[in-house]
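Everything on this sheet refers to the single structure shown next.
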Amino acid sequence: YSTDDGVTWATPITIWDAPTYVDGVFGCLRGVTLTYIGNTPKVAFELLGITATGYYPGLRAAIGFWAPDVNGGVGYVTPFDSTWSYNGNGGATDVMTSICRPSISRSNNGQLLMMAFGVSRADTDAIGSHFYDVYISTSTNGGTNWTSQASGTFSDLVAVYFSDASNGTAVGQDATILRTIDGGINWI
8 YSTDDGVTWA TPITIWDAPT YVDGVFGCLR GVTLTYIGNT PKVAFELLGI
58 TATGYYPGLR AAIGFWAPDV NGGVGYVTPF DSTWSYNGNG GATDVMTSIC
108 RPSISRSNNG QLLMMAFGVS RADTDAIGSH FYDVYISTST NGGTNWTSQA
158 SGTFSDLVAV YFSDASNGTA VGQDATILRT IDGGINWI
């Protein structure tokens, strides 16, 4: 990462060391997102069980988090994992795991981190692909602890912006725009 607006870069470091899982690893496949608080990077990423025979349906999935100033600089699995949804996938076009696609942002003053991610539901479309609810989570301590609630939309949220610790906007697919004036407790 860089602490001087990209003039110089630190030596690349491993932020997630994929542990052995089933007949493969519990690793990051996609869904990596980054923001900064001051010069400190904050990274959220999608984790899933990757085996010799595939990575879904039914294998563990989670949202990981890493920052050099949290958990001793070691990436960790957030409370948002497949215990929220074991629906997995299974349709002909599924490319998402049971919990996936995190997007992370911060407030202007850096006191609030926001993360949005998808969680599969039990209902499916005609070919068996699961529908997803979108959840929004917040951290007021740099990513050490997270709280969450449903966003109230099924559309993928792709960006979250906070002007301060209370006022924020989330935007997503299908022209979705959500606003909060209470730090993400309620969205309209």
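Heads up: take any position in the sequence shown, counting from 1, add 7, and you land on our numbering. Even for Gly, the Cβ is constructed at its ideal location relative to N, Cα and C. Keep in mind the model is a prediction, meaning the values are calculated, not measured.
- Here TYR8 has ALA17, PRO48 as same chain residues with Cβ atoms under 6 Å from its own Cβ, once five neighbours each way along the sequence are excluded.
- Straight-line measurement puts the Cα of SER110 at about 8 Å from the Cα of PHE52.
- Burial state of GLY38 is buried, judged by a 10 Å Cβ sphere holding 16 or more other Cβ atoms.
- Per DSSP, TYR168 is one residue of the beta strand (DSSP E) stretching across 164-169.
- Measuring C-alpha to C-alpha distances from SER173 to each of ILE20, ASP24, ARG113 identifies ARG113 as the nearest.
- When the alpha-carbon of ASN152 is set against those of ARG186, ASP140, MET122, the nearest one is in MET122.
- Judged by beta-carbon spacing, PHE87 lies beyond the 8 Å limit of ILE57, meaning their Cβ atoms are not closer than that value.
- If you check the CB distance, THR147 and SER162 do not come in under 8 Å.
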